Amino acid sequence: ITCGNTIALFMELHEEGILTHDELEGLDLHFGNADAMVEMVHRIARRQGKLGELGALGEELAAKRIGRGAENYITTIKGLGTIGTDPRVAKGFGFGFVVASRGSDHLRAHPVFEMIRYPPGVAEELFGAKEAGELSKYEGKVRLVYFHENMAAVTDSMGTCRFMHASFYAEYPVPEILAKYVKRKGPVHSIKYHEWLSAATGLNFTYEDLMRTGERIVNLERALNVRFGIRREHDTLPKRFLNQPVPTGPYKGTVFTKEMLDKMLDEYYDLRGWERETGLPYKEKLLELGMKDVAEDLERRGLVATKIKAEAKE
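Whatever position you read off the sequence shown (first residue = 1), add 724 for the numbering used here.
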């Protein structure tokens, strides 16, 4: 992804007149030139020439090195570029990019529910809004991402393939909700992760146990990130996705507004038990999740919020 994004960046910068022909070292870098793309991959891998050395830095660092406004063309969040899914259109994926613990990693949530086209009633019961299953809608997307992040964290820990997403929807209470709106014929996919884990370990796991485990993992990742300096201001989209509408196609004119992003972050932080202003975890939330050692570590570093102080401010 990073290699492809970096090559695309160079192509766009050349077409916009920011990278000159001389700086391309003989390569005809424009969109559609497959031979130039392949050659660029080799140059990046070998750090061949100034362009290959520049490309090996990756999209964000290369843009900073180039300067001249190149930073306005990058697609990175926390240093990692987005996949080909346009966050202006797929709002669930877009918000998942924003709050992902590893750059804009689409696999931290991967909320494919918004692409499956379940009946609106299913979306409303699961995520609080009929529109949660519609790509370009904002409604319900925070709870959508929250659920998928928790489940994805668990399945990563179990070592199962992320693309078994249908299995997420075999967990309680999804099958019962689906049965009210979808009449199925033939066999039904019914893997339940908590039953699978119980059988494999001899322990008794419930759906609620899995969701709590997912919460613990997401909070542990956040605790590490705040130690590395990550705060609310880093949970955002690249400027181009906030300022530039989709130029063509069925979603022409669509954009992810800064106003809606801020509202969604507030809601998400409330769900996660993180402070709205900073994105720091609340000590009380970490203790609730049985993460006393993490809470104490962050407290020693001055990197944990407390609800008592927050209420005092109000």
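Glycine included, each C-beta is placed from N, C-alpha and C at the ideal position. Given the structure is predicted, the values throughout are model-derived calculations rather than measurements.
For S860, the closest alpha carbon among the candidates F837, S881 and G845 is that of F837. When only Cα atoms are considered, E1020 and E1012 end up about 13 Å apart. According to the DSSP assignment, N949 belongs to the alpha helix (DSSP H) that extends over Y931 to R951. Take V813, set aside five residues on each side of it, and the residues of its chain with a beta-carbon closer than 7 Å to its own are L859, S860, V970, Y975 and T978, in chain order. Beta-bridge pairing by DSSP links W998 to P1005.
The straight-line gap separating the alpha-carbon atoms of T981 and N943 is approximately 27 Å. The C-alpha of F929 is placed about 15 Å away from the C-alpha of R940. Per DSSP, reduced to three states, the secondary structure at T730 is helical. For L804, the secondary structure class from DSSP, reduced to helix, strand or coil, is strand. Taking the Cα positions, L804 is about 23 Å away from G938. For the pair of segments examined, the stretch 756 to 766 was found to touch the stretch 729 to 738: the number of CB pairs separated by less than 8 Å reaches three.
By the neighbour-count criterion, in which a residue is buried when 16 or more other Cβ atoms sit within 10 angstroms of its Cβ, D810 is buried. In the DSSP assignment, G820 falls within the alpha helix (DSSP H) that extends over K815 to V823.
Partner residues in the beta bridge of A1029, as assigned by DSSP, are Y1006. Note on geometry: alpha-carbon atoms of L737 and Y797 lie some 8 Å from one another. Going by DSSP, R767 is part of the alpha helix (DSSP H) stretching over A758 to R770. With respect to the C-alpha of K1007, the residue from Q772, E1001 and V1018 having the closest C-alpha is V1018.
In the assembly as shown, F892 is a buried residue. Its beta-carbon has 16 or more other beta-carbons within 10 Å. Sequence-distant partners of G779 (beyond 5 residues in either direction) whose C-beta falls short of 6 Å from its own C-beta, in its chain, are T730 and I768. For M839, the enclosing alpha helix (DSSP H) starts and ends at F837 to I840. Around the beta carbon of H830, 16 or more other beta carbons lie within 10 angstroms, which makes this residue buried.
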